[in-house]
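A short write-up of the structure that comes next.
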Amino acid sequence: VPCRYTSPLQGITRYVKTSHNAGCRNVKCAETELFGRAATVARHTDATILVMGLDQTIEAEARDRESLLLPGHQTDLVLQVARTSRGPVILVLMSGGPVDLSFAKKEPKVAGILWAGYPGQAGGAAIADVIFGASNP
18 VPCRYTSPLQ
28 GITRYVKTSH
38 NAGCRNVKCA
48 ETELFGRAAT
58 VARHTDATIL
68 VMGLDQTIEA
78 EARDRESLLL
88 PGHQTDLVLQ
98 VARTSRGPVI
108 LVLMSGGPVD
118 LSFAKKEPKV
128 AGILWAGYPG
138 QAGGAAIADV
148 IFGASNP
């Protein structure tokens with residue numbers, strides 16, 4: 018476990034004031050009950066950053082995935098939040114392998130997609146640096 022892990026939320030908060038609400042309880046996103054709160058936050062902010070994807074409970078060495086889609090209801094969450102957001106949506110994808118995001122490319126409110134891989138202990142700061150223009154990938 019890294020001594021000082023920086024989450025994407027912590028990295029983004031270094032640049033702007035944030036409002037946060039989890040749309041899923043975990044990466045498997047088996048329920049949709051938190052979607053409404055996440056959509057409400059997006060409706061009242063200038064821009065929305067969604068961090069979605071996989072983790073090593075879903076993909077790892079000798080653990081192949083059956084699908085290239087986001088797990089559980091993550092796709093539904095992205096679409097619901099994008100369609101209710103006041104401003105543009107930036108989708109940050111954390112994964113070690115390919116993920117089919119064609120649905121997001123077709124959604125007009127999704128203004129950008131950033132693949133972050135599994136970025137390590139300073140990943141949250143690096144993600145924020147790219148989003149806010151301090152670094153060019």
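Heads up, the working numbering is the position in the sequence shown plus 17, with the first residue counted as 1. Glycine included, each C-beta is placed from N, C-alpha and C at the ideal position.
When Y22, R100, T30, C20 are compared, the shortest CA-CA separation from D146 is found for T30. For V68, the enclosing beta strand (DSSP E) has its first and last residue at 65-70. Shown here, I144 sits in a helix according to DSSP, grouped into three states. For L51, there is no enclosing alpha helix (DSSP H), as DSSP gives it neither H nor E. Per DSSP, the continuous alpha helix (DSSP H) segment holding A121 begins and ends at 119-122. In the same chain as M69, and ignoring 5 residues on each side of it, the C-beta atoms closer than 8 Å to its own belong to L87, Q91, L94, V95, L108, V109, L110, M111, in chain order. According to DSSP, A59 shares a beta bridge with no other residue.
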